[in-house]
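Residue numbers (this note's numbering), protein chains in the order written: chain A, 497 to 602; chain B, 483 to 742.
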């Protein structure tokens, strides 16, 4: 039951620089930990995050084992036109989650 | 190994430096753990879209609506919308349960509700579902002043919790009071000691990289002084929770808080 928190301004002026904040629920298991019995806990992390603005990719990040659980990714972009931001997280063991948010630009 | 020795030496120094101890913190000097944090961590707690605890609150909201157990009932079927029915509830817990004749904390109340009204199996302590439901319910009391311990039936239990708080125990021979009443303005191994007011549980600890309950926090404090920890749900832990909550009366609930 992974959940995401997205913060995109509902409206913005054309040309305005806006901040986008995303928080994704994930354990980010490094793959370097051992159980008391000696077994390695298999790696389970998010490996990639992408944001598309009306279909065009505006931000991408690769994630690695040193990143803490529940990764919080925040970035800036210029509000050019009304439309939709689509977010995608891809990770180990077939992890794949999406979320979206709309913006109206005046 | 060297750093462990340093910590022990520091703890012993505190123990030796304050032999008389047990001076309670005056009302006006009480401070939430929030005020000891770095501004970055405070910002994280205050922004609901940056506070990872909100992920559990979201899960809890879904669980509140979903049917469980053989009775086929969801929390919402009896309690309705949480905004009205659960507001201020967490600020009164742990509360006295008539059938059991002893106080129960919010996690135990949720499990009692599952057993008595939903005919569902109890959720394990520190499981994602139990933390999520607890966080969701407690979130409705954010900003409400804590009023736990007002019920006269709770008096003997608060007294027992207070005794445990004052009691020296473990290999380091320390009571909770020796750090959290007497030395809260100092630091231990670089970290603020704090006054130990449980205003924001269940809370997200950056060290845990997860939400955790007050009992988890108490258990790690107890093992930190090298004493035998109580099991999750033990009456002693609930009494300690109750004393701590009554000690924090009047302070606002912060759930889900963030702590380093």
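Just so it is clear, CB atoms sit at the ideal spot from N, CA and C, and this is done for glycine as well.
Might you give, ordered along the chain, the residues of its own chain that have their beta carbon closer than 6 angstroms to the beta carbon of residue 613 of chain B, omitting 5 neighbours on each side?
Cβ within range, chain order: 538, 684, 693.
Determine, for residue 537 of chain B, whether the minimum Cβ-Cβ distance to residues of chain A falls below 8 angstroms.
Yes, contact with chain A.
Does the separation of the CB atoms of residue 546 of chain B and residue 615 of chain B fall below 8 angstroms?
The answer is yes: Cβ separation under 8 angstroms.
Suppose the cutoff is 6 angstroms on Cβ atoms and the five residues either side in sequence are ignored; what does the same chain contact list for residue 598 of chain A look like?
Excluding residues within five positions, the ones whose Cβ falls inside 6 angstroms are 580.
DSSP three-state call for residue 719 of chain B: helix, strand or coil?
In the structure shown, residue 719 of chain B sits in a helix (DSSP, three-state: H, G or I).
How should residue 679 of chain B be labelled, buried or exposed, when 16 other C-beta atoms within 10 angstroms of its C-beta is the threshold for buried?
Buried, since its Cβ has 16 or more Cβ neighbours within 10 Å.
Answer with buried or exposed for residue 551 of chain A, where buried requires no fewer than 16 other C-beta atoms within 10 angstroms of its C-beta.
With fewer than 16 other Cβ atoms within 10 Å, it is exposed.
So if I threshold CB-CB distances at 9 angstroms, which residues from the segment 555–587 of chain A count as touching chain B?
Per Cβ criterion, the list reads 564, 565, 566, 568, 570.
Are at least three pairs of beta-carbons, each pair with one atom in the segment 553–571 of chain B and one in the segment 528–536 of chain A, less than 8 angstroms apart?
Short answer: they don't touch.
Output needed for residue 501 of chain A: all residues of its chain with C-beta closer than 6 angstroms, excluding positions within five of it in sequence on either side, in chain order.
The residues are 519.
Is any beta-carbon of chain A found at less than 8 angstroms from that of residue 750 of chain B?
Because residue 750 of chain B is not part of the residues shown, which for chain B are 483 to 742, the question remains open.
CA-CA distance, residue 503 of chain B and residue 558 of chain B?
At residue 503 of chain B the pLDDT is 48, less than 50, meaning the model places this residue with poor confidence and gives no usable figure here.
When the Cα atoms are used, what is the spatial distance from residue 601 of chain A to residue 571 of chain A?
Whole-angstrom Cα-Cα distance: 18 angstroms.
If contact means a Cβ-Cβ distance below 9 angstroms, which residues of the segment 507–534 of chain A contact chain B?
If the cut-off is 9 angstroms between Cβ atoms, the segment 507–534 of chain A has 517, 518, 519, 520, 521, 523, 524 near chain B.
For residue 524 of chain A, which of A:582, A:596, A:595, A:567 has the nearest alpha-carbon?
Selected option, being the one with the closest Cα: A:567.
Going by the CB atoms, is the gap between residue 515 of chain B and residue 687 of chain B shorter than 8 angstroms?
No, the pair does not count as a contact, with Cβ atoms beyond the cut-off.
Mapping the DSSP letters down to three states, classify residue 551 of chain B as helix, strand or coil.
In the structure shown, residue 551 of chain B sits in coil (DSSP, three-state: anything other than H, G, I, E or B).
Along chain A, which residues have their Cβ under 9 angstroms away from the Cβ of residue 691 of chain B?
Near residue 691 of chain B (Cβ distances below 9 angstroms), the residues of chain A are 523, 524, 564, 565, 566.
Suppose only complete runs of 3+ residues qualify. What are the beta strand (DSSP E) ranges in the segment 546–624 of chain B, listed by chain order?
Here the runs fully enclosed are 577–579, 584–586.
With distance defined between alpha-carbon atoms, name the residue in A:560, A:529, A:554 nearest to residue 588 of chain A.
It is A:560.
Could you list which residues in chain B have their beta carbon closer than 7 angstroms to that of residue 499 of chain A, in chain order?
Here the neighbours are 537, 540, 541.
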